[in-house]
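Written out below as structure tokens is the structure these notes cover.
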Amino acid sequence: MTSREPVSPSDRSETAFALGSGSRVLLGIVVVMGVMIVAGVAGLVGVIVHRAAHPHAGGVDGMAQGRIEDAGRGRGVETSLPVPAGSRIISYRMAQNGTVIVHVRGTDTDRLVIWNPLTGLVIGSLDLAPPVPNRISP
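Residue numbers 985 to 1122, in the numbering used here, belong to the letters of the sequence shown in order.
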């Protein structure tokens, strides 16, 4: 039989709190994950507060209004694009000649409008037909 030597209380505390190399890595990963969670929650709260303080309407009814800077003359021009009620401006692209192509989505159809914001005139428009269902007969 083997005899056991008594273990002093100070030896027990040292062995109880000693971490192996695997445990230290795990502790480091847990700490990093905790920091990432706190940073993510803080970022999410920041985005929510920013969006609440600066609301952005998804669509524009009536008139799309804005101030266009006339680079040639160095002055601002107030202008508006007539948009039917219930329609939304989906996207727009500025052409090199100063005209703007605006994608307007209505209740039943989409339309591309070519617009000169400096004069406020609609140069032309193109109605986009809804997609035709694929008609394959068996």
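The beta carbon of each residue, even a glycine, is placed where N, CA and C say it ideally should be.
Bridge partners - residue i, DSSP secondary structure assignment
i, result
"Val-1084", "Met-1078 and Trp-1099"
"Gly-1108", "Ile-1098"
Rounded distance between the beta-carbons of residue j and residue i, thought under 8 Å
i, j, result
"Gly-1108", "Ile-1098", "5 Å"
"Ile-1074", "Val-1067", "Between Val-1067 and Ile-1074 the Cβ distance is about 11 Å, and since that is not below 8 Å, they are no contact."
"Arg-1095", "Ile-1085", "With 8 Å as the limit, Arg-1095 and Ile-1085 do not qualify as a contact, their Cβ atoms being about 11 Å apart."
"Gly-1012", "Ser-1064", "That belief does not hold up - the Cβ atoms of Gly-1012 and Ser-1064 are roughly 59 Å apart, past 8 Å."
"Gly-1112", "Thr-1093", "For the sequence presented, residue 1112 should be read as Leu rather than Gly. Yes, Leu-1112 and Thr-1093 are in contact; Cβ-Cβ is about 7 Å, under 8 Å."
Proximal residues to residue i (C-beta, below 7 Å), its chain only, five neighbours per side dropped
i, result
"Asn-1100", "Gly-1082, Thr-1083 and Ile-1107"
"Met-1017", "none"
"Ala-1079", "Ile-1085"
Close Cβ partners of residue i (< 6 Å) along its chain, the five nearest in sequence each way excluded
i, result
"Ser-1071", "Val-1088 and Gly-1090"
"Val-1014", "none"
Residue i, enclosing alpha helix (DSSP H) - first and last residue
i, result
"Gly-1018", "1005–1037"
Residue i Cβ short of 7 Å to the ligand SAM heavy atom set
i, result
"Ala-1113", "The ligand SAM is absent from the structure shown, which contains no ligand whatsoever."
Same chain only: Cβ atoms within 8 Å of residue i, ignoring 5 sequence neighbours per side
i, result
"Val-1029", "none"
"Arg-1035", "none"
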